[in-house]
Amino acid sequence: MKKLLAVIFFTAAILCGCANSSENTPGPALSDGPAHVETAAAAKIEQKTSADTAASAEASSEPVSESTTSAGPAEGETEDAASDVDDIVFSDDGFEFSTPADLRDEDLIYQFGIDDENAKKLIEVLFENTADPEEKLYDFVADDYDLDGSYEAFAVLGEFNGFEIAGDIYFVTDEGVEKINGEKYYLDYDRYPVFDLGDRKLYRVWHVFTTGKSAYVYGVKDGKWYEHEISQRGQDLERMGLSDNFTIVNGSDYDSGYFADDNSTSGHTWKTYYLYWNGEEFREYGGIEITEEQFLKCEGAQHILDLAEENDCFVSNILYRGNGLINVNLTDRDFYGNENYYYFSLILDDGKLEYLRTDGNLSSQDDEFEYNVCSGIMYPAFLEDIADYPESFPIE
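Under the working numbering, the first residue of the sequence shown is numbered 121, with each subsequent residue one higher.
#1: Hey, how far is the Cα of Lys256 from the Cα of Gly269?
#2: What does a CB cutoff of less than 8 Å around Thr250 pick up in its chain, not counting 5 residues either side in sequence?
#3: Can you give, in chain order, each stretch of the beta strand (DSSP E) that sits fully within the stretch 243–285 and has at least 3 residues?
#4: I believe Tyr305 touches Glu279 by the beta-carbon criterion, under 8 Å. Please report the beta-carbon distance rounded to the nearest angstrom.
#5: Restricting to Cα atoms, I'd like to know which of Leu242, Tyr440, Glu459 and Asn281 is closest to Pro510.
#6: So who's on the other strand from Asn365, going by DSSP bridges?
#7: Grouping DSSP H, G and I as helix and E and B as strand, with all else coil, what is Ala501?
#8: Whose C-beta lies closer than 6 Å to the C-beta of Gln352 among residues of the same chain, with five residues either side of it excluded?
#9: What's the C-alpha gap between Tyr323 and Asp259?
#10: Along the chain, where does the alpha helix (DSSP H) that runs through Asn492 open and close?
#11: Per DSSP, what are the beta-bridge partners of Ile289 in this structure?
#12: Name, in chain order, the residues that DSSP records as bridge partners for Gly296.
#13: Under the assumption that Thr389 contacts Asp375 (Cβ atoms under 8 Å), give the Cβ distance between them as a whole number of angstroms.
#14: Could you check how far apart the C-beta atoms of Gly406 and Asp505 are, in whole angstroms? I think they sit under 8 Å.
#15: If you run the structure through DSSP and keep just helix, strand and coil, what is Asp375?
#16: Quick test of your reading: Glu412 and Ile438, contact by CB under 8 Å. State the CB separation rounded to the nearest angstrom.
#17: Relative to the alpha-carbon of Tyr463, which residue among Leu395, Asp288 and Glu490 has its alpha-carbon at the smallest distance?
#18: Using DSSP with H/G/I as helix, E/B as strand and the rest coil, what is Leu425?
#19: Helix, strand or coil for Asn238 per DSSP?
#20: Checking the sheet assignment: what are the DSSP bridge partners for Ile515?
#21: Could you say if the stretch 420–433 and the stretch 441–452 meet the contact criterion of at least three C-beta pairs nearer than 8 Å?
#22: Using only alpha-carbon positions, find the residue among Asp263, Asn301 and Pro313 that is nearest to Thr293.
#23: Determine the direct distance from the alpha carbon of Leu246 to that of Trp326, and round the result to whole angstroms.
#24: Taking all protein chains shown into account, do 16 or more other C-beta atoms lie within 10 angstroms of the C-beta of Ala501, making it buried, or fewer, making it exposed?
#25: What residues in its chain sit with their C-beta under 7 Å from that of Cys433, if we drop five residues either side in the sequence?
#26: Label Leu416 either buried or exposed according to how many other C-beta atoms from any shown protein chain fall within 10 Å of its C-beta, with 16 as the threshold for buried.
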């Protein structure tokens, strides 16, 4: 009887959990990463930023693209697999991983979606020179990163614990293998894309920690790897489609509220800022402060201010960025002087304002304020040393 009751309670708990999960699922505009904002406004900011980038920088003649090479399992392995690299069959099937030990013992290379002799030879180099034969290979991305006619590769090897990879990043050339970052935790679900920037390519991998993930970015020059200046400077470095525009998250602030009794701020926040590649380096779209009078010249601005007032908030400041993004910072102050901080992210498109939610909502879609407002304070720039600011607000 006790076992039967336990089964009943366990089943009921599962059903309740599923029901609650369904009820709390955010609306279609909610995004777990700034590069995946599924709104019309997101498409407009990408178009806007692409146009601004083209106007402010000399565009490369090379087409811009983002490529990934995914690791996958061999299907139907045979005992008489050929040991010669020319006879190895590659495909882009699957996600799973393999071990260098298996490849040495059975003379078999598992599939990595690669159909290039240079890449195949680099896999052989990796397996022949890996220090730990028991490490599992989770990703192998071979490309001509510095466009010198020679292939290089970045590889992630380690052990998977169900969510992340505890392992190492390796750099591979015809001359050998070098460990470039070891004993870290890396995410497994992104497939580690290559950013093709026209005159160079960059490899990005995420190092995961308790409260987020940091973007490690590597390039190649004269056949040697280097860590790019943008590396480790923020979380969730993402490309916006195939444009020269990127998003990056500041996950280091604790500014969702202020406590008057001890004069402190608290509450971890994650805020999205926008970057672009100008042909030579990453630059950030910095924000300039505009007045409420200027803001009210935008169609829909009065509704935003009314919405804030209805929710007992006042405007702290308003920032305008060169990609058409407007951040409206709000403060909610109680009788004791304690404060909560929020902001709206809005897109200015042809004089009209639309919401752009980038890092989640505070409540259900039924409440317009709580669904579109984000927690924390937006600043003129996240990476001040690479920020560019607009000269003026475009509406007179």
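For every residue, glycine included, the Cβ atom is placed at its ideal position computed from N, Cα and C.
In this text the structure is predicted, and so the values were computed from the model without any measurement.
Working from what's here:
#1: 29 Å
#2: Pro220, Leu277, Tyr290 and Val297
#3: 256–263 and 272–280
#4: Going by Cβ atoms, the distance from Tyr305 to Glu279 rounds to 10 Å, so no, they are not a contact pair.
#5: Ranked by Cα distance from Pro510, the first of Leu242, Tyr440, Glu459 and Asn281 is Tyr440.
#6: Tyr396
#7: Shown here, Ala501 sits in coil according to DSSP, grouped into three states, outside any helix or strand.
#8: Ser334
#9: Answer to the nearest angstrom: the Cα atoms are 12 Å apart.
#10: Annotation: the continuous alpha helix (DSSP H) that includes Asn492 extends over Glu488 to Asn492.
#11: Val276 and Asn301
#12: Thr293
#13: 6 Å
#14: Not confirmed; about 11 Å, so no contact.
#15: strand
#16: 7 Å
#17: Glu490
#18: Reduced to three states, the DSSP call for Leu425 is helix.
#19: helix
#20: Per DSSP, none; premise fails for Ile515.
#21: By the C-beta criterion, the stretch 420–433 is judged to be in contact with the stretch 441–452, since at least 3 inter-stretch pairs fall below 8 Å.
#22: Asp263
#23: The alpha-carbon atoms of Trp326 and Leu246 are separated by roughly 21 Å.
#24: buried
#25: Excluding positions up to five away in sequence, the list reads Leu450, Thr451, Asp452 and Tyr462.
#26: exposed
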